[in-house]
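One structure is given here, and the rest of the page talks about it.
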Amino acid sequence: MNVDLAQTQETLKKVCLEPYDLGQGNKQYDGYKYDFKNKRLVKIIFTISYSQFNEIKYIKNDGQIIRINKLIDLQKSPDILTNLEQINHLQWQGAYNGDLEKVGYWRALWKGAALIDVGGFYTNGKKFGIWKELFKNYWDKAQIYEIGEYSNDYRKGVWKFVYRDQQIGGGEYDEQGLKTGNWIDLNDDFWDSHQITYHGQYRNGLKVGQWKTFKEDRNEKFELIGGGYYNEQGLKNGQWEDLNSNFNQDENVYFNGEYQNGMKIGMWNIYQREEKGDQKIAGGFYNEQGLKEGLWLDLSPQFQKDSKIFYKGNYQNGKKIGRWETIYQNNSIGGGFYDNQELKIGQWAEISDNFWNKCQVVYHGQYKNGKKYGRWDISYKEQILIWPEWIGGGQYDEQGCKIGKWVDLSNNFHDDNQSTYNGEYKNGKKQGIWDLQNIDIQIGGGLYDEDGLKNGIWIDQSDIFGSLDNVVTFEGNYQHGKRIDNWTWNFFIEWDNDYQKLDGGFYDKECQKDGIWLDLSDDFEHYHQIIYQGEYQNGHKQGKWDIKFRQYMDNDFDLIGGGFYDKDGYKNGQWLDLSENYSKKNQVVYKGKYKKSKKYGEWEIQYKNEEIGGGFYEEFDLKNGVWIELSDYFNQACKILNSGEYIEGKKFGRWHIKYKGWGENNYKQIGGGWYGEEGLKDGIWIVLSDNFREDSKIIYQGVYQKGKKKGKWSIKYRGRREKEYQEIGSGYFDDQGLKNGQWIVLSDTFCDQNQLVYSGKYYNGKKVGKWNEYKIGEKQICKQDQNKE
């Protein structure tokens, strides 16, 4: 919230209506930070603190206050942010009237820069007119917008979800602001690697009838992965296939069983979708009250491709009782006992919240009446080692609070980041001096005050810290948990065996960046050093900003991009932007002009300073005319271009796909087809596989009808020594664009050295029956798998 509090102080004192009771105290939440190097989400605990001074404080578990919101309108329930990325980066800017109600236009800023057209109008604290809102869990890898109309603070008419400039869902609201008719909803955790949508019908705001669950991605895979029926009361009924709460494209996990008026009953099985078909991996029984009963094999909350953790034990009326085991790679690595009230008792071994292949951390100790007490030790096993070692721990008191000397692990502890914090707790709060160590070498630390908040001079571990190739720390001053004054980056230069210091910038008293700053890219690392340098004013980017890049073992950063922000944080004038995947092997930049952060006029796409593509933007940031674009996976070894025509932002007519292999001088056409109305593919097409590259040249050939695949599709492959593509797989899509009947499909890791394929049947987009696994050119079947019908 960005307001001038001094101007509203007197008005705040005059409020005489009964204010909203904020209350006092703390509440803990789970946040997530994306680890760019390991391409996974890391769990980070933070606390929301409500103060008597009408403030909401957001505090990380390391004692840093990352945001303070002062409440203006005390008559309304406050907006509480629970998305860690939004807490760090989202600001709203607008005005209040004399009654402290929002009025006029409000807009959003992200990381100090204005978001294009995000926001809308308030009158007397109520939304009206056209709004462009952020999706509930908006962040850098979930840039989804909800666009539609408000009337008296209620949504009405057609609303749509927009992602990567394309509508991917939405529907209609009635006069009461309730969803009605056909809708495509998005999963609450929708993001680039978790593109789940729900298709079905609403009546009076309730889901009714059949609903289907689909998985999609940027390469147009369209797969039915679940669903079932809702009754007239909007409750699930009958047979269902539900998603795991942590479902993403790597973890194709779903739950199969029966609902009765919204309650799960009977046997529920948990399956994982694999190339060779759906495999049953866990499950158990629900009683008539919809409570788990008897022996169960549960999935851990962090169950993912690289952290397949199971919990095995008994339930009684929905409560865990007796002995429970934690199972990883078919071995018991932890567990303990629950009493009849589902309280943990006795000796336990618990895995870390961020347990995965490269973070095999287990906590060992005693529970008493559901609370940890006594000595707890932390063990850790590197992926390449056989046995774990003891690396930390400390003491709990009778209330389950940490006391005395402790060795804690960093939030993103793993094989490549073995950093720990050593210090003392008092009544569960860190106190005094704490040291930050990286494999027993002190690299930072500082002082905690009596409230467990950082204070004075600190050397923090950066968010992108890595022990082997990314030792970066951030040094500066805290004042009761808030970063203030000047902060400096420290880079460890491996070949010099020393640290290089670079000025970061200045934090004001409101924890906002101010003045000249040097920011690191989110994916900054040893071999990928990108920095952004420019000016902030009250947390907003202003004026000239430079983008610089340094290759491994270089001393200086080279200017590779940048441009100007106006006083409102919008990009204006000439800019040189980096591609999303810019690196030494993918030196792609975009050159053109902005007007209030909207692209207009001619834009060039350059690769290593050579123009290879581009086109024209109309006034409203819409592509028009002939364009040459780069594929999402364009890089030094796999150069793929798409060329054709746009009409008012939508592809139309004939489009070509061209490829230039390693060491080749010219691009050759290898695919393409036609776009019809609404920018949807139509007619005969040749498209490339997601993993198309020099050693995996796979294409798909068949027919689209209004964006959906239909009829026979062939899968073709060309090896390094072959001149022509040969058909190695095929099958049929039905009228709904779902696979049906006999298919031969390729392994996700198919390449010249691993020519593995699978043959079997699909029914309504799902693998059923027996599937065979074999290699191209080999008649012998490697494996046979029986899948559930």
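Take the sequence shown: its position 179, counted from the start at 1, is 500 in our numbering, and no numbers get skipped.
Backbone N, C-alpha and C define an ideal beta-carbon position, used for all residues, glycine too.
Expressed to the nearest angstrom, what Euclidean distance is found between the alpha-carbon atoms of Tyr443 and Val424?
In the sequence shown, counting from the first residue as 1, residue 443 sits at position 122. In the sequence shown, counting from the first residue as 1, residue 424 sits at position 103. Between the C-alpha atoms of Tyr443 and Val424 there is a straight-line separation of about 5 Å.
Assuming Gly749 and Val728 form a contact by the criterion Cβ under 8 Å, report the distance between their Cβ atoms to the nearest whole angstrom.
Here the question's residue 749 lines up with position 428 in the sequence shown. Here the question's residue 728 lines up with position 407 in the sequence shown. Incorrect: roughly 16 Å between the Cβ atoms, too far for contact.
Output the distance between the C-alpha atoms of Lys1029 and Glu998, rounded to the nearest integer angstrom.
Here residue 1029 corresponds to residue number 708 of the sequence shown, with the count starting at 1. Here residue 998 corresponds to residue number 677 of the sequence shown, with the count starting at 1. Rounded to the nearest angstrom, the two C-alpha atoms are 13 Å apart.
Measuring alpha carbon to alpha carbon, tell me which residue in Ile401, Lys665, Ile707, Leu962 is nearest Gln681.
Here residue 681 is taken as the residue at index 360 of the sequence shown, counted from 1. It is Ile707.
With 16 other CB atoms within 10 Å as the buried threshold, where does Trp1092 fall?
Numbered from 1 along the sequence shown, position 771 holds the residue referred to as residue 1092. Buried, since its Cβ has 16 or more Cβ neighbours within 10 Å.
Nearest neighbour of His735, chosen from Asp674, Gly767, Lys747, Gly753 [CA to CA]
Translated into positions along the sequence shown, residue 735 becomes position 414. It is Asp674 whose Cα lies nearest to the Cα of His735.
At which residues does the beta strand (DSSP E) containing Asn577 begin and terminate?
Indexing the sequence shown from 1 puts residue 577 at position 256. Looking at the DSSP string, the run of the beta strand (DSSP E) that includes Asn577 is 574-581.
Is there a C-beta anywhere in chain D that falls below 7 Å from the one on Lys989?
Note that chain D does not occur in the displayed structure, where there is just one protein chain.
Where does Asn893 fall in DSSP's three states?
Position 572 of the sequence shown, counting from 1, holds the residue named residue 893. If DSSP states are grouped into helix, strand and coil, Asn893 belongs with the strands.
Alpha-carbon spacing of Gln863 relative to Gln412, whole angstroms:
What you label residue 863 is simply residue 542 of the sequence shown in a count that begins at 1. What you label residue 412 is simply residue 91 of the sequence shown in a count that begins at 1. Going by the C-alpha atoms only, they are around 15 Å apart.
Nearest-angstrom Cα separation, counted from Gly974 out to Gly855:
Here residue 855 refers to the residue found at position 534 of the sequence shown. Here residue 974 refers to the residue found at position 653 of the sequence shown. Distance between the alpha carbons of Gly855 and Gly974 is about 43 Å.
Just grab the DSSP bridge partners of His685 for me.
Here residue 685 refers to the residue found at position 364 when the sequence shown is read from its first residue. Note: His685 sits in a beta bridge opposite Ala670, Asp698.
Could you give the first and the last residue of the continuous alpha helix (DSSP H) run that contains Asn409?
Counting from 1 along the sequence shown, the entry for residue 409 is found at position 88. First-last of the alpha helix (DSSP H) with Asn409: 405-410.
Just checking Asn375 against the ligand HEM - is the residue's beta carbon closer than 6 Å to any of the ligand's heavy atoms?
Absence of the ligand HEM is noted for the structure shown, with no ligands found whatsoever.
Comparing alpha-carbon positions, which option in Ile654, Asp761, Glu966, Ser1017 lies nearest Val993?
By one-based count along the sequence shown, residue 993 stands at place 672. Inspection of the sequence shows that residue 993 is occupied by Gly rather than by Val. That would be Glu966, whose Cα lies nearest to the Cα of Gly993.
Close-in-space but distant-in-sequence residues of the same chain around Asn569 (CB under 7 Å, 5 per side omitted):
Taking the sequence shown and counting its residues from 1, one reaches residue 569 at position 248. With a pLDDT of 49 at Asn569, under the threshold of 50, the predicted position of this residue should be treated as unreliable, and no value is reported.
Using CA coordinates, which residue listed in Gly797, Lys679, Glu771 is at the minimum distance from Trp779?
Stepping through the sequence shown from its first residue, residue 779 is reached at position 458. Of the candidates Gly797, Lys679, Glu771, the one whose C-alpha sits nearest the C-alpha of Trp779 is Gly797.
Report the three-state DSSP secondary structure of Glu998 (helix, strand or coil).
One-based indexing of the sequence shown puts residue 998 at position 677. DSSP places Glu998 in helix when its eight states are reduced to three.
Quick check on Tyr1025: buried or exposed, where buried means 16 or more other Cβ atoms within 10 Å of its Cβ?
Here the question's residue 1025 lines up with position 704 in the sequence shown. Buried: at least 16 other Cβ atoms inside 10 Å.
For Tyr1083 and Val1089, which I take to be in contact (beta-carbon distance under 8 Å), what is that distance rounded to the nearest angstrom?
Mapped onto the sequence shown, residue 1083 falls at position 762. Mapped onto the sequence shown, residue 1089 falls at position 768. The Cβ separation is near 7 Å, so the contact holds.
Alpha-carbon to alpha-carbon, Gln414 and Leu430
Residue numbering aside, residue 430 sits at position 109 when the sequence shown is read from its first letter. Residue numbering aside, residue 414 sits at position 93 when the sequence shown is read from its first letter. If you take the alpha carbons of Leu430 and Gln414, they lie about 8 Å apart.
Please classify Arg476: does DSSP put it in a helix, a strand, or coil?
Position 155 of the sequence shown, counted from the start, is the residue given in the question as residue 476. Strand, per DSSP.
Rounded to a whole number of angstroms, what is the C-alpha to C-alpha distance between Lys803 and Ile369?
Along the sequence shown, one-based indexing puts residue 803 at 482. Along the sequence shown, one-based indexing puts residue 369 at 48. C-alpha separation (whole angstroms): 15 Å.
Is Lys1037 closer than 7 Å to Tyr1046 when the C-beta atoms are compared?
As a first step, residue 1046 must be located in the sequence shown, where it is residue number 725. As a first step, residue 1037 must be located in the sequence shown, where it is residue number 716. Yes; because the gap between Cβ atoms is below 7 Å, this pair is in contact.
Give me the DSSP bridge partner(s) of Asp599.
Looking up residue 599 in the sequence shown gives position 278. According to DSSP, Asp599 bridges with Arg594.
Close beta carbons around Asn409, own chain, < 8 Å, minus the five adjacent residues each side
Along the sequence shown, one-based indexing puts residue 409 at 88. So the qualifying residues of the chain are Ile387, Arg388.
For Asn690, which residues of its own chain have a beta-carbon under 8 Å away from its beta-carbon, when the five flanking residues on both sides are left out?
Residue mapping note: residue 690 aligns to position 369 of the sequence shown, counting from 1. The answer, listed in chain order, is Leu664, Ile666.
So, with DSSP's three-state summary, where would you put Gly587?
Taking the sequence shown and counting its residues from 1, one reaches residue 587 at position 266. Three-state DSSP puts Gly587 in a strand.
Alpha carbon of Leu507 to alpha carbon of Ile968, nearest angstrom
Working through the sequence shown from its first residue, we reach residue 507 at position 186. Working through the sequence shown from its first residue, we reach residue 968 at position 647. Near 28 Å, if we compare the C-alpha coordinates of Ile968 and Leu507.
I'd like the list of long-range same chain contacts for Val947, defined as Cβ closer than 7 Å, with 5 residues on each side in sequence excluded.
Within the sequence shown, residue 947 is the residue found at index 626, counting from 1. So the list reads Gly936, Glu966, once near-sequence residues are dropped.
Beta strand (DSSP E) containing Ile393: first to last residue?
Here residue 393 refers to the residue found at position 72 of the sequence shown. Segment: none, Ile393 is in no beta strand (DSSP E) and carries neither H nor E.
If you draw a straight line from the C-alpha of Leu1166 to the C-alpha of Phe543, how long is it?
Coverage of the chain is limited to positions 322 through 1110, which leaves residue 1166 absent and any answer about it impossible.
Expressed to the nearest angstrom, what Euclidean distance is found between the alpha-carbon atoms of Asp1111 and Phe367?
For residue 1111 there is no data in the structure shown, the boundaries of the chain being 322 and 1110.
Answer with buried or exposed for Ser653, where buried requires no fewer than 16 other C-beta atoms within 10 angstroms of its C-beta.
The residue given as residue 653 occupies position 332 in the sequence shown. That one is exposed.
Can you find the residues in the same chain that come closer than 6 Å, C-beta to C-beta, to Glu646, ignoring five residues on each side of it along the sequence?
One-based indexing of the sequence shown puts residue 646 at position 325. Result list for Glu646: Lys633, Ser653, Gly656, in chain order.
How long is the line joining the alpha carbons of Asp772 and Gln497, rounded to whole angstroms?
As a first step, residue 772 is located in the sequence shown; it is residue number 451 there, counting from the start. As a first step, residue 497 is located in the sequence shown; it is residue number 176 there, counting from the start. Computed Cα separation, rounded: 47 Å.
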